[in-house]
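Just so you know, the sequences run in chain order A and B.
Terminal number for the first sequence in the working numbering: 384, no gaps in between.
Terminal number for the second sequence in the working numbering: 1174, no gaps in between.
Written out below as structure tokens is the structure these notes cover.
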Amino acid sequence: MVRLEQVSLGRARLRLASLVMAMLAQFGCAETPDESPLSGGQLRLGSVLGETALAGFARADAPRRFEFPADHGPHPAFRSEWWYLTLVLADESGRDVGVQFTLFRQALSAADIPADNRWQSNQIYLAHFAVTDTATGVHQADERFARGHPSLVGVRAEPFRLWLEDWRLEEVGEVWRLQADAGEARVEIDLDMAVRIVLQGESGLSRKGPGQASYYYSMPGIPAAGRIWMDGEPRAVRGLGWLDREWSTSLLSDGQVGWDWFALQLDDGRRLMAFQLRRRDGARDPYDQGMLVGADGVARPLEASDFTLLPTRYWRDSDGTDWPVAWRIRLGQEVLDVVAVLDDQRMATSIRYWEGMVAVLDDEGRRLGQGYLELTGYDGAVDE
Amino acid sequence: MKLLTLSQLRFFRLAPWSTLTVLLGVTLAVSSIVAVHQISQRVVVSLASVTPPQLAGVTHQLSRADLTMADYFQLRARWRAGELEGVSALMPIVEGSVEAGRLLGVDAFSGVPAALGLALLLPDQVLAGETSGRVAGERILAAGGSLEVARLVPGLPENLLVTDIGTAQVALGRSDDALDAIGVVVRAPSQRLIDWLDRLMPGFSAGIGFQTLDIPGWTVTEAAASEPTLAFSRSVLFNLGALGSLALVVAWLLVYQVSVIWLRRRAMTLKRLRQMGVSEAELRRVFLLNLLLLGLVSSGLGILLGDWLAGGLAGIATGFSDALPTVSVDHWLFLKATGSAVLVCLVGGWLACRREADPAAGKWPFRLVWLGLLVAGIYGLLFDGSLLGGFAAIAAAGVLTLVAIPRVLGGLKRLAVRPATRYVARRGLLARIGLREMLWHPGDLSVAIGALVLALATSVAMALMVDSFRLDFEAMLDQRVVHDVFVRGERDQNLNELADRLQALPGVSRVQRYGRADRTFSGRRVVVGFTRFDAREGGRYGLDGTLPQGQALVSERLARDLALAPGDVIELEAMAFPIAAVFPGYGDSTLRLILDDADAARIGLSLRYDRLSIDADDEAGVVAAVAQAAPDLEVQVRSSIRAEALKIFDQTFAITRALTLLALIVASVGLYNALLALELLQQPARRLLHSMGTTPLEQRLVAAYRVVGVGLTALLLALPLGLVMGWLLCAVINPRAFGWSLSLALSPGSFVWPVLSAMLAMLVVGLAPLPSEEAGEGGALEAGAFDGPA
């Protein structure tokens, strides 16, 4: 049974932003620092991609009927789309392992491309893969770009297959299998996708603001098991996965300097997503939201007033940037302390951000669960 | 320690002339290094535009016969599986010519960071260079339709359009399976080291010919080698770097020699200091510290002098004479200047200290070096085809000569007491004394003579090579430049109509049309030229008759790069062309393949002609007619082409002559220093001669005879060494560096300049004052231990 939940839009924004930022940072389009889309950590996509770039694309402007497995596949009529998988795992010794695998799709134009030249695809892809291994204390990350040439990259709904060269997430028998590598790290994880699909927002229409929205669904709590190689020797791992799917044509608004996003899988069976968009003016963004799914599967939307996110410890990297790697979440009367399993889980990719595995503790330090934390827009030291 | 340092500094003050010679020698050597660095940087900056920014970082190109995209995807899969060690990115490349110029298509998302600049290009959009004369939004014609200039980018060569690979395939009328090469980014540790060494010594990678990538089944070409202009220029840079180092080697010999002399002159003082409890290590440390000080001062002076020298020489640099950009003084320059000065001073001083402490032990580093160089030289000559191997052979020849010098002096010493030398003896006592003084101190003079021999031999070798080159170059001009008037248009121009009009002019007997197109063979960019062949045109390329249809001519450089010889078959657009002949192309960095018009048409080349050659009774009339019909065209007559070519040729070697001269000056300074020390040693004998009634003039004559002896000995050794080095330059270095071979011509003129240089150096050294204040502490008495065990 599909449950419809009202969920935040922030994460959609950040991922779309990340993709475009990653490429624009390389294009050298910005003539001056002030015009850079990355200037001051702000997301100023509108200054780079004008409205004309949106012409011809489909818009997420009304609820739609989701159809599965077809909607696991691509929606090329929309400008942007992503498949976002995070895994919180543990090996046989109980040591934590986190995995992030993401594929972004972006259309350069809505124009029809002659089909007789496969290189002339207007679809481009970016994939990120990262492994956090607490046993070795290593966070290994890599990224790949590809254009929509079928010999390089693509997504197919049935049977499901997503590939960017030899990075793959594909349906194999009863499971989806993730195979990817980054440096010395390699994973082969099977995912039992027979889990509840949660339509976010209004029947899957996630509103981002006036006239802005995306289609968005999630699959939290996916049982996962497989092997990981960090130093050549395979280790069996087991845990939970979380898949987010979103597609849209909308742009971000000005005024945001970054975001802090949490996806926590608690040991008592509850799943918590919460995020805050940090605004330049310091005000809380009205789209700060969250969702708490109970162990019984019942989801409760969270508004900004339902929770607070407070950083409790910063880690300063070699560039002098302070990253908030420990947090306290107040959810009504409940207090959750969220602590990075490794301080340095920055993504060594074109995009400057931090995304990594976290442990969830109670106020006495007892473990309550695990999850993923994403931090963007941090590019300076915090004033003490 | 402080006292010891002051003591050593005081010695420098008491021995000002030898101190000055060290400063001067090292300064000149550093200026040589600095000048080469600055000129190289100017060349590197000017060459940067040869590589499209979108290919920045690509270190190699892969190619093989019948290359398709399937090969690329298979190779990518192998790379992703970890089979291609050190490779960090692969990128497909398609290139060809459209009417607007050369079109290069790459995949922006293949993983080569620089290529991402193409990412926002829509289908049918291209990037053009800022200097292309085009404007954003302009549409330009291509075989598959038209292309829009999306934007202008700095650094892109003016004749090049860069675009997405799909757009390039469509514009060139090729399928989406078409592929010309695969660009590779290698980030192996060895590659990083080579990149670093290339910064330290521009052109280094061209010299070593070391392949950091080997993929069975694929032809691997270094990125620079795939672009002939780059490969050519880097070879020039390597040659300049090698020549610039010559002065450094000579300066090192100078420092070593001066250090030995200083240590002996201070022998008494040092002995007293040891008796006072100063350790050997402390004495050595202080000595080296003060040499270091001299090195640092010299490096500063050398930077100033070298930068000035570079500014003067840059304008006439070979092949880049038009407008070399200016460059600023960078940290690499300081590193090289300071490093070379310090290295020369410390190593020279340290070896001298070792020799003085233990004469037998002091010889092993030299033996090790010359034995190593000998092995490297033989290997480089016979088994290694790299430029570095060729220079190792030259270095080995030089070192062998250096090693032979004490033995030659010893032999002359024995001859000096035999009847054969009585003729000299009969000329007078003074001559006998002068020559005897030279021969009786081979242990020290041999170092100075060795430095002079090296500089002179290099001068002889360069003169031999340049003269040989000039003869071959003139022969090529005689053969190739046979028409009266030459008209050159822009690459995408078609001068067919103009040719028809010129043909109709009275007195014009022939109009020869030349066209060209770019093609890629084995990862190298080749210009395919075409014209209508007959016996006269065939003669321009050394054929007895015309070029038979279905056959091709290749330039010597292309033949060498692809290991082609007459009779071999080269495949072009699926058609096989046997090679009729290989023609020389001195001074031309382009890889060329020449076809008859009919064959060019058969392989699908558009017969557009951008250059014309005209035979006419009235040259001026033709020039006027061209100027009237197409004022933008470049027109030259035969005599001006020849004069211009020879002028450029002569300018080309101005830098090498200047560098050789620097080394010669440093050697002369070293020789002066050695003679100065010898003069001090001979002061008691001078007093004896004086008491016997010799005049100051006669005493100067003794010194002059000594100098003449040194000069003759140096020439005796330098001439054969120069001959060997000249042969190596013609037969080994030039083919390896530039792809052309030269016939060594033993023109007398080749020896005149070096011999005159040697005589001039001797004259200057002989006439230079030998100041009495150089006696230093201990004076001549302490210097009694000067020569040591000869």
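Virtual Cβ for every residue (Gly too), placed ideally from N, Cα, C.
Let me confirm a value: residue i is counted as buried when at least 16 other C-beta atoms fall within 10 Å, else exposed. Which label applies?
{"i": "B:G929", "result": "exposed"}
{"i": "B:L451", "result": "buried"}
{"i": "B:P507", "result": "buried"}
{"i": "B:L1126", "result": "buried"}
{"i": "A:T32", "result": "Low per-residue confidence applies at A:T32: pLDDT is 29, beneath 50, and the placement is therefore not dependable, though the value from the model is reported in the following sentence. A:T32 should be labelled exposed."}
{"i": "B:H748", "result": "It should be pointed out that residue 748 of chain B corresponds to Trp in this sequence rather than to His. That one is exposed."}
{"i": "A:P324", "result": "buried"}
{"i": "B:R1079", "result": "Here residue 1079 of chain B turns out to be Thr, not Arg, going by the sequence shown. Exposed: under 16 other Cβ atoms inside 10 Å."}
{"i": "A:R44", "result": "Per-residue confidence for A:R44 stands at a pLDDT of 28, beneath the threshold of 50, marking its modelled position as unreliable; no derived number is given."}
{"i": "A:H139", "result": "buried"}
{"i": "A:T376", "result": "buried"}
Span of the alpha helix (DSSP H) holding residue i?
{"i": "B:P352", "result": "Nothing in the structure corresponds to residue 352 of chain B, since chain B is present only between 385 and 1174."}
{"i": "B:R885", "result": "N880 to Q887"}
{"i": "B:Y1089", "result": "P1080 to L1112"}
{"i": "A:A304", "result": "Premise fails: A:A304 is in no alpha helix (DSSP H) and is neither H nor E."}
{"i": "B:D981", "result": "D981 to R986"}
{"i": "B:L1072", "result": "Q1067 to S1075"}
{"i": "B:Y456", "result": "M453 to R464"}
{"i": "B:R1120", "result": "N1118 to F1122"}
{"i": "B:M652", "result": "A651 to Q659"}
{"i": "B:E664", "result": "E664 to A698"}
{"i": "A:E158", "result": "Where A:E158 is concerned, there is no enclosing alpha helix (DSSP H), given that its DSSP letter is neither H nor E."}
Where does the unbroken beta strand (DSSP E) through residue i begin, and where does it stop?
{"i": "A:T312", "result": "F307 to R316"}
{"i": "A:Q100", "result": "D96 to A107"}
{"i": "B:D1002", "result": "Note, B:D1002: premise wrong, no beta strand (DSSP E); not H, not E."}
{"i": "A:Q140", "result": "V138 to R147"}
{"i": "A:W83", "result": "S80 to D91"}
{"i": "A:E165", "result": "Per DSSP, A:E165 belongs to no beta strand (DSSP E) and is neither H nor E."}
{"i": "B:S893", "result": "V892 to F905"}
Determine the direct distance from the alpha carbon of residue j to that of residue i, and round the result to whole angstroms.
{"i": "B:D455", "j": "A:V175", "result": "33 Å"}
{"i": "B:L581", "j": "A:R144", "result": "31 Å"}
{"i": "A:L108", "j": "A:R79", "result": "8 Å"}
{"i": "B:S1075", "j": "B:R798", "result": "29 Å"}
{"i": "B:G470", "j": "B:V866", "result": "51 Å"}
{"i": "A:G41", "j": "A:F129", "result": "At A:G41 the pLDDT is 30, less than 50, meaning the model places this residue with poor confidence; the figure from the coordinates comes in the next sentence. Going by the C-alpha atoms only, they are around 23 Å apart."}
{"i": "B:V1010", "j": "B:R992", "result": "18 Å"}
{"i": "B:I817", "j": "B:M1146", "result": "18 Å"}
{"i": "A:E165", "j": "B:F1033", "result": "53 Å"}
{"i": "A:L266", "j": "A:A359", "result": "10 Å"}
{"i": "A:A263", "j": "A:M219", "result": "12 Å"}
{"i": "B:P1015", "j": "B:E1028", "result": "21 Å"}
{"i": "A:R284", "j": "A:F307", "result": "12 Å"}
{"i": "B:R558", "j": "B:L727", "result": "57 Å"}
{"i": "B:S367", "j": "B:R1120", "result": "As shown, chain B starts at 385 and ends at 1174. That puts residue 367 of chain B outside it, with no answer to give."}
{"i": "B:G628", "j": "B:V420", "result": "6 Å"}
{"i": "B:I954", "j": "B:G1005", "result": "42 Å"}
{"i": "B:R571", "j": "B:T722", "result": "29 Å"}
{"i": "B:R924", "j": "B:G969", "result": "12 Å"}
{"i": "B:L1130", "j": "B:L823", "result": "32 Å"}
For a cutoff of 9 Å on Cβ pairs, would you count residue i as touching chain D?
{"i": "A:L178", "result": "The structure shown contains no chain D; its protein chains are A and B."}
For the stretch 716 to 782 of chain B, list the alpha helix (DSSP H) runs that are entirely contained and at least 4 residues long, ordered along the chain.
748 to 766
At which residue ranges does the stretch 513 to 570 of chain B contain complete beta strand (DSSP E) runs of 3 or more residues, listed in the order of the chain?
523 to 526, 529 to 537, 544 to 548 and 565 to 570
Restricting to runs no shorter than 3 residues, where is the beta strand (DSSP E) found entirely within the stretch 1013 to 1037 of chain B?
1018 to 1021
Check whether the stretch 949 to 962 of chain B touches the stretch 982 to 992 of chain B, taking contact to mean three or more Cβ pairs, one atom from each stretch, closer than 8 Å.
yes
Mind listing, in chain order, the continuous beta strand (DSSP E) runs of no fewer than 3 residues lying wholly within the stretch 179 to 234 of chain A?
185 to 191, 205 to 209 and 212 to 229
Counting only runs of 4+ residues fully inside the stretch 811 to 860 of chain B, write out the alpha helix (DSSP H) ranges in chain order.
813 to 823
Touching or not, the stretch 829 to 836 of chain B and the stretch 1088 to 1104 of chain B, by the rule of three or more beta carbon pairs under 8 Å?
yes
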